[in-house]
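See below for the structure under consideration.
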Amino acid sequence: MMRLQMPLDGLVPGSQIDQSRSTKRALKYKLKLREAKLDKIVRAINYAKLEKEAAELKLKLVELESTMAATDQIIKDLKTKCIMNYAKGCEDFRD
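Residue numbers for the sequence shown follow the numbering used here, beginning at 1471 and rising by one.
Here you go:
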């Protein structure tokens, strides 16, 4: 007589236990897909936040550069004024 061999895990293809395992695998796969979608969404949100921060920092940099330019101009004006006052003081002593 010929004996039917059972698969090593004891499951017969098409049995109820085999179907529940495939359903479990399908659910795990769907869960992984959803997790991947959520990860993409989170990355997109984080990227948008970083872009916003970068734009704010660029704006602050522009403000600082204009402040530096104004400060440089004030320093130049003061140097010129000091030189003029020094020259004027020297002329007073010559007389």
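For glycine and all other residues, C-beta sits at the position ideal for the given N, C-alpha and C. All figures in this text were calculated on a predicted structure; none of them were measured in a lab.
Length of the line joining the Cα atoms of residue i and residue j
{"i": "A1540", "j": "L1531", "result": "14 Å"}
{"i": "D1542", "j": "C1552", "result": "15 Å"}
{"i": "L1503", "j": "D1509", "result": "10 Å"}
{"i": "S1492", "j": "K1500", "result": "12 Å"}
{"i": "E1523", "j": "K1507", "result": "24 Å"}
{"i": "L1520", "j": "L1548", "result": "41 Å"}
{"i": "T1550", "j": "I1515", "result": "53 Å"}
{"i": "L1527", "j": "K1546", "result": "28 Å"}
{"i": "E1535", "j": "K1558", "result": "34 Å"}
DSSP state of residue i mapped onto helix, strand, coil
{"i": "T1550", "result": "helix"}
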